[in-house]
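So the sequences go chain by chain: A and B.
Heads up, the first sequence is in my numbering, so the first residue is 67 and it goes up one at a time.
Heads up, the second sequence is in my numbering, so the first residue is 16 and it goes up one at a time.
Reading through the structure tokens given below for one structure.
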Amino acid sequence: MDELEERSEAVSQDTLLLVLAWLFVGIPLAWGVADTIRNAAKLFS
Amino acid sequence: MALALDRSHSIAKPGFNRWLVPPAALCIHLCIGEAYAFSVFTKPMAQLIGVTAPAPGDWTVPQLGWIFSLAIAVLGLAAAFGGKWVEDVGPRMAMFVAAVFFSSGLIVASIGVSLHVLPLVYLGYGVLGGCGLGIGYISPVSTLIKWFPDRPGLATGTAIMGFGGGALIGAPLAVGLMRHFSSATSTGVAPTMAVMGVLYFIWMFVGSLIVRVPRDGWAPAGYVPPVASAKMITTKNVLREDALKTPQFYLLWVVLFCNVTAGIGVLGQASLMIQEMFAVTPIAAAGFVGLLSIFNMAGRIFWASTSDYIGRKMTYVIFFALGAVLYFSAPTFGHLHNIALFILAFAVILSMYGGGFATIPAYLRDLFGTVNVGAIHGVLLTAWSAAGVAGPVLVNYIREYQITHGVAKADAYSITMYIMAILLLVGLAANLAVRPVGEQHYLKEQPAT
């Protein structure tokens with residue numbers, strides 16, 4: 067495996083980790099925000 | 016284990032993507048932000064014996080109110096005294112220790128609830144949890160600032176947004192778990208706290224594994240440090256001990272205190288206030304509180320990011336000037352029965368309340384440099400503890416005083432709002448007095464970062 071391939075593999079692993087890390091915090095936060103908006107909507111109903 | 020957690024083992028390898036650090040910070044802040052959702056436990060904890068209604072021997076609401084106050088007070092103390100240690104050991108160890116404190120606090124509180132021993136709940140949620148809050152709150156701040164010298168407001172705003180967002184996750188999670196564990200003989204509080212303690216430990220531990228510190232001398236590609244023209248942004252550093260000798264530190268303390276006091280008092284009374292002023296239902300009032308929580312969270316990232324472009328001082332000028340105008344106007348919106356303008360005013364006020372928390376680390380970095388910014392931030396958070404007492408006391412006691420002197424409930428908030436507006440003007444004056452730190456306070460022979 068040449069240096070270019072190694073670097074490319076490292077970048078793709080890094081990207082995967084980045085996506086997973088943001089999903090790890092983003093999904094619970096999105097759930098919490100959605101739940102709060104659902105409740106807040108009662109203010110206008 | 017200790018070796019794997021120390022700073023030297025968390026130095027990023029070349030090519031590390033710095034955008035992995037904000038989610039690591041969010042793992043911590045989204046968990047410790049659960050403290051803002053403590054009120055969901057109040058009612059079930061006040062009827063642990065009676066289950067469906069308070070019974071003789073049950074804890075009272077004022078007794079339970081001390082748990083949150085204690086946690087916030089300990090937060091300030093832990094951040095103040097632990098800040099230097101956090102700087103020394105690095106973010107990974109600090110995050111891990113915060114995870115241990117915060118989750119063990121929940122578990123000890125769970126045992127206290129299970130045995131119906133209130134001091135154990137104070138010790139768990141208040142003291143141990145408060146230590147986890149304080150250490151966890153400051154643990155990623157200086158690391159984020161070092162990774163994002165080009166956008167410190169955005170970086171710290173993202174993390175501190177998590178503290179605002181933590182309640183949005185913690186409240187429905189706690190309610191769902193209590194529903195699951197409740198029975199004819201139990202409100203389900205104890206197992207809920209225990210489960211949350213375990214879940215939050217795992218979540219925070221993952222954050223501590225992800226976080227990395229940049230190697231010495233690292234800078235983002237193409238980054239050019241600010242030049243002399245940016246008078247309010249230093250390229251030098253001030254140690255924590257020296258920062259405490261500067262007037263700038265105390266002016267920023269007043270800035271944070273005024274901003275937090277003005278927001279926190281209203282946050283605690285928002286539900287009651289809108290019910291009494293506009294005669295809305297409790298469900299709609301809960302919706303109002305939810306809406307304020309969202310603006311509180313969104314304001315953290317919006318205002319902190321904006322401060323990267325317009326400067327920290329100008330950002331706080333907007334907070335205080337606009338906040339004072341809105342507080343002066345709010346009673347009028349109430350008298351006009353214009354609920355839409357009233358909601359809008361408080362949504363903006365709460366966005367600036369959150370923004371104040373999120374912008375202060377970058378303000379400190381601008382004035383004191385990056386070397387001890389976490390430790391200085393930790394000491395500054397004592398302003399939050401003080402405001403946590405002053406805000407609710409101001410709102411509650413002024414309201415009570417007026418009602419007992421014959422003022423109608425709907426009008427009882429007017430004086431409070433005018434006082435808050437004046438408080439914001441005090442904050443404005445303190446902010447306008449902030450000047451660059453004197454040369455004599457800068458660290459000698461320290462390379463610019």
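Ideal placement from N, C-alpha and C gives every residue a C-beta, glycine not left out.
Asked: With 9 Å set as the bound, which would you pick, yes or no: does the beta-carbon of A:S78 sit closer than that to a beta-carbon of chain B?; Found: no
Asked: Taking 8 Å as the cut-off, does the region 377-392 of chain B touch the region 356-369 of chain B (at least 3 CB pairs, one atom from each stretch)?; Found: no
Asked: Select from the region 79-95 of chain A all residues with a C-beta closer than 7 Å to any C-beta belonging to chain B, and list them in chain order.; Found: D80, L83, L84, A87, W88, F90, V91, P94 and L95
Asked: Quick check: the Cα distance between B:S118 and B:M208, rounded to an integer number of angstroms?; Found: 9 Å
Asked: Along the chain, which unbroken stretches of the alpha helix (DSSP H) at least 4 residues long are found entirely within the region 111-165 of chain B?; Found: 133-136, 144-153 and 156-162
Asked: Tell me, which residues are paired with B:S198 by DSSP?; Found: B:S201
Asked: Taking only three categories from DSSP, how would you classify B:T464?; Found: Any reading at B:T464 needs caution, since the residue's pLDDT is 48, under 50, leaving its predicted position unreliable; the model's value is listed next. DSSP places B:T464 in coil when its eight states are reduced to three.
Asked: Taking Cβ-Cβ distances below 7 Å as the criterion, which residues of the region 21-36 of chain B are in contact with chain A?; Found: G30, N32, W34 and L35
Asked: Contact criterion: CB-CB distance below 9 Å. Does B:L306 meet it with respect to chain A?; Found: yes
Asked: Check the Cβ-Cβ distances between B:A463 and every residue of chain A, and say whether any is below 9 Å.; Found: Its pLDDT being 45, under 50, B:A463 is placed unreliably by the model, and the measurement read from it follows with that caveat. For B:A463, the answer is no, since every Cβ of chain A falls outside 9 Å of its Cβ.
Asked: Step through the CB atoms of chain A and report whether any lies within less than 9 Å of the CB of B:A506.; Found: Examination of residue 506 of chain B is not possible in this model, given that chain B is present from 16 through 464 alone.
Asked: List, in chain order, every chain A residue whose beta-carbon is nearer than 7 Å to that of B:F303.; Found: L109
Asked: Below 8 Å on C-beta distance, what does B:V221 contact in chain A?; Found: F90
Asked: With a threshold of 9 Å between beta carbons, is B:V112 in contact with chain A?; Found: no
Asked: For a contact defined as C-beta to C-beta under 9 Å, what are the partners of B:L45 on chain A?; Found: V91, P94, L95 and G98
Asked: Pairs of beta-carbons, one from the region 268-279 of chain B and one from the region 295-302 of chain B, closer than 8 Å: are there three or more?; Found: no
Asked: Taking a Cβ distance cut-off of 7 Å, strictly less, list which residues of the region 181-203 of chain B are near chain A, in chain order.; Found: L183, I184 and P187
Asked: Let me check understanding here. Comparing Cα to Cα, which of B:L254, B:T330 and B:T419 lies closest to B:D103?; Found: B:L254
Asked: Report buried or exposed for B:H456, applying the criterion of at least 16 other Cβ atoms within 10 angstroms of its Cβ.; Found: buried
Asked: For B:I26, which of helix, strand or coil comes out of DSSP?; Found: strand
Asked: Say whether the region 52-60 of chain B touches the region 197-214 of chain B, bearing in mind that this needs 3 or more beta-carbon pairs closer than 8 Å, one atom from each stretch.; Found: yes
Asked: Identify the residues that DSSP records as bridge partners of B:V228: which are they?; Found: B:I26
Asked: If you check the beta carbons only, do B:A86 and B:Y152 fall under 9 Å apart?; Found: no
Asked: Look at the alpha carbon of B:F357 and the alpha carbon of A:A87, and state the distance between them as a whole number of angstroms.; Found: 39 Å
Asked: Would you report the Cα separation of A:E71 and A:V85, rounded to the nearest angstrom?; Found: 21 Å
Asked: DSSP state of B:A209, grouped into three classes?; Found: helix
Asked: For B:F163, count neighbouring Cβ atoms within 10 angstroms of its own Cβ and tell me buried if that reaches 16, exposed if not.; Found: buried
Asked: Leaving out five residues on either side along the sequence, give the residues of the same chain with a beta carbon under 7 Å from the beta carbon of B:D426.; Found: none
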